[in-house]
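Novice: First residue of the sequence shown? That's 349 in our numbering, and the numbers climb one at a time after it.
Backbone N, C-alpha and C define an ideal beta-carbon position, used for all residues, glycine too.
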Amino acid sequence: MAKKRVILALFLVLIALIIIFLPGISRYHRIKARQGKLEDKIERLKKSEVDLRREQERLQEDPTYIEKVAREKLQVTKKGETIVRVEGSNAQ
Numbered sequence: 349m350a351k352k353r354v355i356l357a358l359f360l361v362l363i364a365l366i367i368i369f370l371p372g373i374s375r376y377h378r379i380k381a382r383q384g385k386l387e388d389k390i391e392r393l394k395k396s397e398v399d400l401r402r403e404q405e406r407l408q409e410d411p412t413y414i415e416k417v418a419r420e421k422l423q424v425t426k427k428g429e430t431i432v433r434v435e436g437s438n439a440q
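1. Can you tell me whether DSSP reads Asp399 as helix, strand or coil?
2. Would you report the Cα separation of Gly428 and Ala381, rounded to the nearest angstrom?
3. I need the straight-line Cα distance from Val361 to Arg375, nearest angstrom please.
4. Does any C-beta atom of chain D lie closer than 9 Å to the C-beta of Gln404?
5. So, Arg406 versus Ile414, is the Cβ gap smaller than 9 Å?
6. Tell me whether Gln408 sits in a helix, a strand or coil according to DSSP, three-state version.
7. Distance check for Ile363 and Ala350, CA to CA, integer angstroms please.
8. Considering only residues of the same chain and omitting the five flanking positions on each side of Lys416, which have a CB-CB separation below 7 Å?
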């Protein structure tokens with residue numbers, strides 16, 4: 349009979365430990381998953397920062413690129429030029 353009580357006590361202790369630690373383990377896995385997503389986002393943002401810094405450098409130092417951006421994005425023209433838009437064209 350004592351052996352059955354020891355086995356029952358061990359079983360109850362095991363169940364209690366599972367009940368105590370299961371929420372913590374579940375939370376740990378959620379936190380690790382979120383950490384992975386945040387690390388991926390950090391990597392994407394770092395790459396974006398590098399691209400933006402390159403763009404900034406080009407805009408500060410390359411007159412040809414500045415002109416290209418001004419013409420394409422701001423639709424700036426030189427004196428005497430006229431902008432002509434063609435409907436249905438893929439060109440921008």
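Specialist: Taking the geometry as given:
1. Translated into positions along the sequence shown, residue 399 becomes position 51. Looking at Asp399 - three-state DSSP - the assignment turns out to be helix.
2. Along the sequence shown, one-based indexing puts residue 428 at 80. Along the sequence shown, one-based indexing puts residue 381 at 33. If I take the Cα positions, the gap works out to 59 Å.
3. Reading the sequence shown from its first residue, position 13 is the one you call residue 361. Reading the sequence shown from its first residue, position 27 is the one you call residue 375. Their backbone Cα atoms lie some 22 Å apart in a straight line.
4. Note that chain D does not occur in the displayed structure, where there is just one protein chain.
5. Walking along the sequence shown from the start, residue 406 turns up at place 58. Walking along the sequence shown from the start, residue 414 turns up at place 66. In this structure, Ile414 lies closer than 9 Å to Arg406 by Cβ.
6. Counting from one through the sequence shown, the residue named residue 408 turns up at place 60. For Gln408, the secondary structure class from DSSP, reduced to helix, strand or coil, is helix.
7. Residue 350 sits at position 2 when you count from the first residue of the sequence shown. Residue 363 sits at position 15 when you count from the first residue of the sequence shown. If I take the Cα positions, the gap works out to 20 Å.
8. Indexing the sequence shown from 1 puts residue 416 at position 68. Result list for Lys416: empty, nothing under 7 Å.
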